[in-house]
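**Student:** Heads up: the sequence shown begins at 1 in UniProt numbering, then just goes up one per residue. All C-beta atoms in this analysis are idealised placements derived from N, C-alpha and C, irrespective of residue type, glycine included. Owing to the predicted nature of the structure, the values given are computational and were not obtained by experimental measurement.
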Amino acid sequence: MKVGVVGGGINGLATAWALLGAGHEVELFERDRLMGATSSASSKLLHGGLRYLEHGELRLVRESLRERAWWLRTVPELARPLLLAVPLYRSASRPRWKLKAGLWLYDRLAGKAGIGAHRWRSTAALTALMPGLAEDGLRGGYTFYDGQMDDYRLGLWVADRVRELGGRLHEHAPVRRVSERGTLVLSDTERAYDRVVNVAGPWAERLGTNSGIEDGIHLDPVRGSHILLDRPQEAGLLLEAPQDGRPFFVLPYQGRTLVGTTEVRQSPDTPVVCSPEERDYLLAAYSHYFRDDAGREDVAETFAGIRPLIGSGPDMNRVSREYRITRRGRLITVYGGKWTTARRLGREAARIAAR
Ligand SMILES: Cc1cc2nc3c(=O)[nH]c(=O)nc-3n(C[C@H](O)[C@H](O)[C@H](O)COP(=O)(O)OP(=O)(O)OC[C@H]3O[C@@H](n4cnc5c(N)ncnc54)[C@H](O)[C@@H]3O)c2cc1C
């Protein structure tokens with residue numbers, strides 16, 4: 001079968017990889033650069049998503065934990081286990097028992113794919129681990145493990161696997177329209193395939209509507225921004241933003257400190273950048289927890305991406321990160337999907353395409 005794939009983010013690449021593995025011929029079209037959009041603007045975590053447990057998404061968490069282990073095992077040069085702490089302050093909204101229960105379940109769901117168990121640490125142990133952490137009101141905290149990746153280079157690693165299997169990857173090749181007949185319109189040509197898979201991430205719905213296709217599935221585009229501080233960080237932290245109680249991360253990343261993220265609804269048609277308000281929000285959240293405040297002059301870089309979340313609701317934090325795949329004639333459309341679970345999404349899309 002000849003398959004045309006639209007989108008060169010991690011989900012498009014993983015779909016191409018799975019299709020090639022199943023013996024199909026694949027050509028992928030990316031309007032810009034491979035891995036140039038959402039997939040290189042993530043929090044860099046290969047994770048089960050501890051906070052999805054609160055929403056009862058056990059299946060998603062278990063599968064993500066298995067995938068986490070696969071990436072860590074298979075590409076150790078670009079993915080490593082990361083120690084993360086959840087400090088418990090007197091002002092915390094979640095009680096200690098709830099945190100303990102969540103981390104216990106997280107370890108259990110990982111099972112054999114576990115990379116280290118959670119444990120309680122005293123205030124002294126925690127501040128020894130993370131010098132500079134504000135001690136006022138600190139009652140100790142838990143540590144646990146997740147994976148951290150270089151998302152951009154890990155995605156390019158997948159692109160190399162695709163090329164090795166004979167996949168053809170076209171960059172700077174925007175697709176104008178797709179059709180249920182299996183055609184795909186580029187700026188100057190129309191090409192015909194046995195199947196076309198639209199994996200355009202946050203732009204998948206837009207490509208569908210531009211092609212006159214209405215699937216009844218709506219993406220809820222929510223921007224998430226990060227700042228990179230020019231200072232080292234020993235271990236990762238999962239904290240509650242003092243402004244609104246939202247969870248956010250402070251992570252060591254390539255010798256700097258990565259702080260994120262935010263949640264701002266935006267159209268995927270407008271530029272995806274970290275706003276000054278988001279930068280200041282993240283700086284204030286960080287400075288709340290560290291004795292050495294961070295100011296605008298400490299920000300070495302900012303970046304932003306749009307989460308391709310499915311459905312909508314008033315609480316953006318509660319929207320499911322899972323994906324949906326639809327098929328209409330020869331056209332398959334992928335909505336949503338996390339980085340960590342891209343391989344599984346790719347296999348599922350390839351299976352639906354082959355039916
Ligand atoms: C702030 C933030 C933090 C995140 N953190 C994590 C995390 O730590 N761990 C995790 O597992 N997940 C995380 N995610 C989720 C994850 O990053 C995304 O779900 C995933 O990267 C989406 O990949 P994708 O391939 O579907 O989309 P994208 O990476 O956006 O790829 C879609 C591609 O399609 C291309 N495209 C669009 N339209 C067309 C067209 N018409 N023709 C050709 N090409 C087109 C785009 O240019 C783009 O390159 C995070 C997301 C955000 C926003």
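Count the other C-beta atoms from every protein chain shown that fall within 10 angstroms of the C-beta of K44, then say buried if there are 16 or more, exposed otherwise.
**Tutor:** That one is buried.
**Student:** Beta carbon of W339, beta carbon of I10: below 8 Å?
**Tutor:** Yes.
**Student:** Below 8 Å, how does it come out for the region 102-110 and the region 45-55: are there three or more Cβ pairs, yes or no?
**Tutor:** Yes: the two stretches touch, three or more of their Cβ pairs being nearer than 8 Å.
**Student:** Quick check on DSSP: helix, strand or coil for V264?
**Tutor:** It is a strand residue.
**Student:** Please confirm whether T15 and V222 have their CB atoms less than 8 Å apart.
**Tutor:** Their beta carbons are not under 8 Å apart, which means T15 does not touch V222 by this criterion.
**Student:** Looking at ligand 1, does it come within less than 7 Å of R59, judged from the CB to the closest heavy atom?
**Tutor:** R59: no, Cβ never under 7 Å from ligand 1.
**Student:** Are the beta-carbon atoms belonging to V259 and L229 less than 8 Å from one another?
**Tutor:** In contact: V259 and L229 (Cβ atoms closer than 8 Å).
**Student:** List the residues that DSSP assigns as beta-bridge partners of Y286.
**Tutor:** BP columns for Y286 are empty, so no partner.
**Student:** CB-CB under 8 Å to A285, same chain, minus the five flanking residues each way: which ones, in chain order?
**Tutor:** The answer, listed in chain order, is L239, A241, P242, Q243, F248 and V259.
**Student:** Can you tell me whether E278 sits near ligand 1, meaning its C-beta is under 7 Å from at least one heavy atom of the ligand?
**Tutor:** Answer for E278: no, Cβ out of range of ligand 1.
**Student:** When the Cα of D269 is compared with those of R328, L237, E322 and L207, which residue comes out closest?
**Tutor:** Cα-wise, what sits closest to D269 is L207.
**Student:** Mind checking Q254: buried by the 16 CB within 10 Å criterion, or exposed?
**Tutor:** Classification for Q254: exposed.
**Student:** Taking DSSP's pairing of strands, which residues face S225 in a bridge?
**Tutor:** In the DSSP output, where bridge partners are listed per residue, S225 has A304.
**Student:** Mark A110 as exposed unless 16 or more other C-beta atoms lie within 10 angstroms of its C-beta, in which case mark it buried.
**Tutor:** Classification for A110: buried.
**Student:** Does any heavy atom of ligand 1 sit closer than 7 Å to the C-beta of H47?
**Tutor:** Yes, ligand 1 has a heavy atom inside 7 Å of this Cβ.
**Student:** Once DSSP output is grouped into helix, strand and coil, what is the label at G201?
**Tutor:** Here G201 sits in helix by DSSP.
**Student:** Could you spell out where the beta strand (DSSP E) holding L239 opens and where it closes?
**Tutor:** Note, L239: beta strand (DSSP E), G236 to E240.
**Student:** Looking at G305 and A41, is the spacing between their C-beta atoms short of 8 Å?
**Tutor:** Yes, they are a contact pair.
**Student:** If you check the beta carbons only, do D146 and L186 fall under 8 Å apart?
**Tutor:** Taking 8 Å as the Cβ cut-off, D146 and L186 do not qualify as a contacting pair.
**Student:** Verify whether the separation of the beta carbon atoms of I332 and V197 is less than 8 Å.
**Tutor:** Yes, the pair counts as a contact, with Cβ atoms nearer than the cut-off.
**Student:** Roughly how many whole angstroms lie between the Cα atoms of R80 and L72?
**Tutor:** The straight-line gap from Cα to Cα measures roughly 6 Å.
**Student:** Does the region 123-139 come close enough to the region 286-296 to have 3 or more Cβ pairs within less than 8 Å?
**Tutor:** Flag = yes, the region 123-139 and the region 286-296 touch.
**Student:** Do L184 and R195 have their CB atoms nearer than 8 Å?
**Tutor:** Not in contact: L184 and R195 (Cβ atoms no closer than 8 Å).
**Student:** Looking only at its chain, what residues have a beta carbon closer than 8 Å to the beta carbon of P232, apart from the 5 residues adjacent to it on each side?
**Tutor:** P252, G255, R256 and T257.
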